[in-house]
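To start, the structure itself, in structure tokens.
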Amino acid sequence: MKVTDRQKKKFLKSLKQARIEAGLTQSEVAEQLGTSQSFISKLESGSISLEVEIFLKLYQLYDKPAVYFFSAFSQK
Numbered sequence: 001m002k003v004t005d006r007q008k009k010k011f012l013k014s015l016k017q018a019r020i021e022a023g024l025t026q027s028e029v030a031e032q033l034g035t036s037q038s039f040i041s042k043l044e045s046g047s048i049s050l051e052v053e054i055f056l057k058l059y060q061l062y063d064k065p066a067v068y069f070f071s072a073f074s075q076k
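Rendered as structure tokens:
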């Protein structure tokens, strides 16, 4: 399955929205992950690829169901 630009944008938007809904700033997320605010910004903008390990940490931190993120890839 090839990921379309639209799907990628929707997924990245869900990452940012989950952070906002969790009441966290990029700096706070960066601190939790032991990284920098600019790294989180680049993840949310798609400037760098999201590694599975980082996604799992974000998934746990944001406390959202998997479907929240993966609905971006539904065929509907």
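Note that the sequence shown ends on residue 76 in full-length UniProt numbering; no numbers are left out.
All residues carry an ideal CB built from backbone N, CA and C; glycine is no exception.
Keep in mind the model is a prediction, meaning the values are calculated, not measured.
At a Cβ-Cβ threshold of 9 Å, LEU58 and ARG6 do not count as neighbours. Per DSSP, PHE73 lies in no alpha helix (DSSP H) and is assigned neither H nor E.
With fewer than 16 neighbouring CB atoms inside 10 Å of its own CB, ILE48 falls in the exposed class. GLU51 sits in coil when the DSSP states are folded into three classes, being neither helix nor strand.
Looking only at LEU33, VAL67, PRO65 and ASP63, the smallest Cα-Cα distance to GLU51 is reached by LEU33.
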